[in-house]
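Q: I have a structure I would like to understand better, so I am pasting it below and will then ask my questions one at a time.
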Amino acid sequence: MPHPATAVQETAGGIAPHLRRLLEFVEPDRDDVCLDVARGRGPMPAALGPRVRHMTAVDAAPAPAEPSRGGRMSTVEFGTGPVRITGPSTDPDRPPATATREDPRPRPADPAVQADATALPYRSDTFSLVTARFSLYTLGEPEQVLRELLRVCRPGGRLIIADLVRGNLAGPERDRIERLRDPDHPGTPSIARLTEMITSAGGSIRRLDVFTVERPVEPWLAGARDDASADMIREALTDEVDGGPRTGAKPRVIGGELWFTQSWAHVAVVPI
1 MPHPATAVQE TAGGIAPHLR RLLEFVEPDR DDVCLDVARG RGPMPAALGP RVRHMTAVDA
61 APAPAEPSRG GRMSTVEFGT GPVRITGPST DPDRPPATAT REDPRPRPAD PAVQADATAL
121 PYRSDTFSLV TARFSLYTLG EPEQVLRELL RVCRPGGRLI IADLVRGNLA GPERDRIERL
181 RDPDHPGTPS IARLTEMITS AGGSIRRLDV FTVERPVEPW LAGARDDASA DMIREALTDE
241 VDGGPRTGAK PRVIGGELWF TQSWAHVAVV PI
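With UniProt numbering applied, the sequence shown corresponds to residues 1 to 272, in that order.
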């Protein structure tokens, strides 16, 4: 059952609380050889790099589509980050480069490798730690992606999945506003569905952390396909606050701002 909601707000520098929680769940080791597979350039390589022996990042984002006339231009992938993304120097989801005991200078992140998440360019059993944060359902057919992530993970290593989920008894209403924001949204899996896919792909679940996160609406709506869709979502959430139909997002007003709730899951998996 999900833990009580954690409020996620903008963070001026350092590591955002939700990312710190994920790093604690990952339990990186100084001897780890790590692979992060993401849609675009996520925060994990910079966060994990100083904590592991070697860090490899794969950008498995599909080729961007041409912006449609009259719509918004393509924006940075927002994923589930809690704040507005205005540029690489102000992304609070990305920690600053960290000095190590071996080298007092900050360690820059290596450029990401462009690759297909269902056909990674690495031998089997290469990495002791593989991570995929909020990308499993956007990089291809999820079962194929899972099998590939497990293939490159060493025996005795671990795969860490971080993604959106919904409760096993929750209805699909929540996906309606997700698809208003992003017509290509694949749908939010139930916890049971996510764990079933992992075991079917050849993984054994060792740890599971499911919790709810409360976040402001406006930074999330920055990634909406157009202004009309964003307005429809605001209206639906505001109506629910005023006693209207439920959206599944549990909106409320905090300090004059509209906030909503998501459920996130961290899953630690070992290949079998």
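Using N, Cα and C, we set each Cβ at its ideal position, and we do this for glycine too.
Can you tell me whether DSSP reads G187 as helix, strand or coil?
A: G187 falls in the coil class under three-state DSSP.
Q: What's the C-alpha gap between residue 275 and G243?
A: Only positions 1 to 272 of the chain appear in this structure, which leaves residue 275 out of reach.
Q: Give the DSSP bridge partners of W259, in chain order.
A: Note: W259 sits in a beta bridge opposite P216 and R252.
Q: Contact check, L139 vs V130 under 8 Å by CB: the rounded distance?
A: Their Cβ separation, rounded to whole angstroms, is 13 Å, which puts L139 and V130 out of contact at 8 Å.
Q: Under three-state DSSP, which class holds T138?
A: T138 falls in the coil class under three-state DSSP.
Q: Within the region 12-52, note down every full beta strand (DSSP E) run reaching 3 residues or more, in order along the chain.
A: Qualifying beta strand (DSSP E) stretches, in chain order: 33-38.
Q: How big is the Cα-Cα spacing for G223 and Y122?
A: Spanning the two alpha carbons is a distance of roughly 33 Å.
Q: Which class does A115 belong to by DSSP, given the choice of helix, strand or coil?
A: Three-state result, A115: coil.
Q: Could you give the distance in angstroms between the alpha-carbon of A46 and the alpha-carbon of I160?
A: Taking the straight line joining both Cα atoms gives about 16 Å.
Q: Please classify D227 as buried or exposed, where buried requires at least 16 other C-beta atoms within 10 Å of its C-beta.
A: It is exposed - the Cβ of D227 has fewer than 16 other Cβ atoms within 10 Å.
Q: Quick check on E196: buried or exposed, where buried means 16 or more other Cβ atoms within 10 Å of its Cβ?
A: When all chains shown are included, E196 counts as exposed.
Q: Check R174 in the structure and name its three-state DSSP category.
A: Residue state, collapsed to three classes: helix.
Q: Who are the near neighbours of R246 in its chain, counting only those whose CB is closer than 7 Å to its CB and skipping five residues on each side?
A: Excluding sequence neighbours, R246 sits near E173 and E240.
Q: List the endpoints of the continuous beta strand (DSSP E) containing R234.
A: From DSSP, R234 is part of no beta strand (DSSP E) but of the alpha helix (DSSP H) over D227 to V241.
Q: Report the residue from A268, I15, A60 and R166 whose alpha carbon sits nearest the alpha carbon of C153.
A: The residue with the shortest Cα to Cα distance from C153 is A268.
Q: In three-state terms, what does DSSP make of V58?
A: Here V58 sits in strand by DSSP.
Q: Assuming A201 contacts L150 (C-beta within less than 8 Å), just tell me the rounded distance between them.
A: Rounded, the Cβ-Cβ distance is 6 Å, consistent with contact.
Q: How many Å lie between L48 and L23 at the Cα?
A: Rounded to the nearest angstrom, the two C-alpha atoms are 8 Å apart.
Q: Enumerate in chain order the residues of its own chain whose CB-to-CB distance from P216 is below 6 Å, with the five nearest sequence positions on each side excluded.
A: Contacts found: E257 and W259.
Q: Using only the alpha-carbon positions, how far apart do G255 and S124 sit?
A: When rounded, the distance between both Cα atoms is 51 Å.
Q: What residue does the beta strand (DSSP E) around L129 start on, and which one ends it?
A: Note, L129: beta strand (DSSP E), F127 to R133.
Q: Name the DSSP beta bridge partners of G156, please?
A: Partner(s): none; G156 has no beta bridge.
Q: For E148, does the count of other Cβ atoms within 10 angstroms reach 16, so buried, or fall short, so exposed?
A: Looking at its Cβ environment, which holds 16 or more other Cβ atoms inside 10 Å, E148 is buried.
Q: Do A112 and V26 have their C-beta atoms within less than 8 Å of each other?
A: No. Outside cutoff.
Q: If distances are taken between C-alpha atoms only, which option among A265, E141, A60 and P251 comes closest to S190?
A: The shortest C-alpha separation from S190 is found at A265.
Q: Using the Cβ count rule (16 or more neighbours within 10 Å means buried), how would you classify G171?
A: Under this definition G171 is an exposed residue.
Q: With T188 and D209 assumed to form a contact (beta carbons below 8 Å), what rounded beta-carbon distance in angstroms separates them?
A: That belief does not hold up - the Cβ atoms of T188 and D209 are roughly 17 Å apart, past 8 Å.
Q: Among A119, S128 and R41, which one has its Cα closest to the Cα of E141?
A: Cα-wise, what sits closest to E141 is A119.
Q: Measure from the alpha carbon of T238 to the alpha carbon of each residue in L35, I177 and R206, then state which is nearest.
A: Checking every option, the nearest Cα to that of T238 belongs to I177.
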